[in-house]
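These notes are about the structure you will find just below.
Residue numbers (the numbering used here): 490 to 1033.
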């Protein structure tokens, strides 16, 4: 309709221009008809040529796949028209916070019991989406050398993450990993002073019992404070300053980055002004602390490394490199991971617990039994609180922090096909989207529902008392050599906060339509509607 409206104005405009040039209007009308016919013919020819080109690319790709000794995956979109419609639906569902669920529905709609499929816009470069544990295992570990983030990921993420650990492969990635590993050692995690201070501040911001509060908002501010304290030794105090620019900038950058990621074939068409502005805001925020770290003498950095309290992640990076760009890229990567994964997971945990009073009651009972209503958790006591661990495991099963992840084939290779079928070939440059959320949701990967094992779609931390997932069917932190280096840090931080909340409050009440919740996946999956709840303490504690 819009195209018809645009074209309908052209005869008049053409006639006006012709009249101004002294041409006969009848000639103008005839000329417009000729132009229209020529335009239609040109577009038809271009469309036909494009279709032919895609068909030729597909045939060439078919030949390369046969020579590699395998087959294609089932197709979600096998021609340029279907692929264009597919990418339109990808963008639409991402906009409406339904992309991971829609990806599962697309796989469910395939004939047979299918858990992976491919699509291609051009007929050459293909994208595979998989929720198959054996394929994911091959990509992440058994054929680790054949896959990486690759040049495509690096190109798409360079403005945001630069050459940080999440955007590099090979030696650069190994160097980044080595740079970070010492800061996440078990010995350093035993010092919970940062978690204690930031969580106490979080508790102080909660309203009076019975008043409604959006815990998601507070968790993101709490996580930013904890992350900044850990990363560069300075708390940004976003709990005291709820309108901190960097928090909004991070959310904006991630939202647009996710569109760039999922719509990568048409990424150049996505407006990026707000994206670059948000990144600049974050850079302005961290540049002063980088400058201070770079200016520290090597001897002072070495001395700081002996202090658990004063030695920060920033100091650790500065010991490896004094190059500001290197430090900036690593800080951006870890700031993203440390803030958003913990904040989102805590948001989902409290969302689920607010709808499951027996689970909250058991958690509180276990916590108070070990610590009492005011005792401070230690690293050892957190490890002993099995049900708190169960709650986090169950939350991450239903709500993995990164619902969709990507790898690119660095070389032509194969991964397992469906049982009894040939291997699937991935050519160099093809991408694999790992649908972690989809795999976690596969009913066939769980025991039958019984009195001992609740429906897999239901939040049930009790299941972890007597069940543990089969290998490669539960990947909240990834797997293989690139498994999250900070997973113990994140689990300890979340357990500390969860225990403190259970000490303080006897019950939770959800204030909103619990069933209306959707998943906003801006790299990290988070409750799109927030977590509006009321928290209630016991009468005895209220009198203290």
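Glycine residues also receive a C-beta, built at the ideal position from the N, C-alpha and C atoms.
For clarity, every value in this text was computed on a predicted model and none was experimentally measured.
- residue 829 to residue 720 span [Cα, whole Å]: 14 Å
- Query: What is the C-beta distance between residue 981 and residue 868, in whole angstroms, given that I count them as a contact (C-beta under 8 Å)?
  - Reply: 7 Å
- Please check the pair residue 557 and residue 901, which I expect to be a contact at CB under 8 Å, by giving their CB distance rounded to whole angstroms. 6 Å
- Message: Is it the case that the region 888-900 contacts the region 621-636, given that we only count it when at least three CB pairs across the two stretches are under 8 Å?
- Response: yes
- Which runs of the alpha helix (DSSP H) spanning at least 4 residues fall entirely within the region 727-805, listed in chain order? 734-751, 762-784, 787-793
- How would you call residue 544, buried or exposed, if buried means at least 16 neighbouring beta carbons within 10 angstroms? exposed
- Query: Who are the Cβ neighbours of residue 966 in its own chain at under 7 Å, not counting the five residues just before and after it?
  - Reply: 972, 973, 976
- Query: Can the beta-carbon of residue 742 be found closer than 8 Å to that of residue 782?
  - Reply: no
- Assigned secondary structure, residue 894 (DSSP; H/G/I helix, E/B strand, else coil): strand
- Item | Residues near residue 727 by beta carbon distance below 7 Å, same chain, minus five either side | 710, 713, 714, 733, 736
- Going by C-alpha distance, which of 653, 583, 993 is nearest residue 816? 653
- Query: Is residue 547 buried or exposed, if buried means 16 or more other CB atoms sit within 10 Å of its CB?
  - Reply: buried
- Cβ-based neighbour list, residue 744, same chain, cut-off 8 Å, excluding 5 preceding and 5 following: 1011
- Task: Name the one or two DSSP bridge partners that residue 1014 has.
- Result: 1010
- Message: In whole angstroms, give me the CA-to-CA distance for residue 703 and residue 619.
- Response: 34 Å
- Query: Are three or more beta carbon pairs between the region 800-813 and the region 772-786 nearer than 8 Å?
  - Reply: yes
- Whose CA, out of 572, 756, 775, 592, lies closest to the CA of residue 738? 775
- Task: State the Cα-Cα distance for the pair residue 680 and residue 979, rounded to the nearest angstrom.
- Result: 14 Å
- Straight-line gap, residue 716 to residue 823 (C-alpha atoms, nearest Å): 9 Å
- Message: Checking 8 Å against the spacing of the C-beta atoms, do residue 920 and residue 894 come in under that value?
- Response: no
- Message: Please tell me whether residue 587 and residue 1015 are closer than 8 Å, where the distance is taken between their beta carbons.
- Response: no
- Item | Chain-order list of residues whose beta-carbon lies under 8 Å from that of residue 1017 (same chain, five-residue window excluded) | 586, 1006, 1007, 1008, 1009
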